[in-house]
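Numbering (our numbering), first residue to last: 27 to 220. Input: a single structure, listed below in structure tokens.
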């Protein structure tokens, strides 16, 4: 119950990292960062063949930050189709995680994911959603979420979140995992879905 009360009180006030620490709601060492990650160059949007079914937002020229639609209650058939999309996204995410090694760029991971998604006759959901230019989201170190894949090479000690979302048979499947990049191997830090 205490946790719910804390969440409710945080939602009622303007929450910033500073006031979370100031009021003792976050405890402990948050670590030291020798370097704040800066972004690299973003390559052009990747091609999607005509035969791949695309979501409605693909055809709209939406500036970043705009979204579409209202929530709806799904039928069992729709839920089953969403489950298939989620399984595809999870499989591709596991494969992408293996690429999160020292020297690899997030653009290379994006290119790999893009091809794997298209090979599965699905569409990479982030591409063109609210103006997003890539097929997956890759957030390194201080990039909180929805980082855009670019030409920056992963370094030993980086933490990277990879978010893969696919549009298969009219339904989105979305999952995300965080990995620690270490010389010679990659380790999972957390697993999540949304």
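Backbone N, C-alpha and C define an ideal beta-carbon position, used for all residues, glycine too. Values in this document were obtained by computation on a predicted structure and should not be read as measured data.
> Exposed or buried, what is residue 157 when buried is set at 16 or more other beta-carbons lying within 10 Å of its beta-carbon?
Replying inline: Exposed: under 16 other Cβ atoms inside 10 Å.
> Does the Cβ-Cβ distance between residue 154 and residue 65 come in under 8 Å?
Replying inline: no
>> Considering just the uninterrupted stretch of the beta strand (DSSP E) at residue 194, what are its terminal residues?
In response: Annotation for residue 194: the continuous beta strand (DSSP E) segment containing it runs 185 to 194.
> In the DSSP assignment, what are the bridge partners of residue 179?
Replying inline: 131
>> Suppose you measure from the CA of residue 133 to the CA of residue 126; what does that come to, to the nearest Å?
In response: 11 Å
> How is the beta strand (DSSP E) around residue 207 delimited, first residue to last?
Replying inline: 197 to 208
>> Classify residue 160: buried if its beta carbon has 16 or more other beta carbons within 10 angstroms, exposed otherwise.
In response: So residue 160 ends up on the buried side.
>> Which residue marks the beginning of the beta strand (DSSP E) containing residue 166, and which one marks its end?
In response: Counting along the chain, the beta strand (DSSP E) containing residue 166 begins and ends at 163 to 166.
> Of the residues 86, 78 and 165, which one's Cα is nearest the Cα of residue 192?
Replying inline: 78
> Rounded to a whole number of angstroms, what is the C-alpha to C-alpha distance between residue 84 and residue 124?
Replying inline: 29 Å
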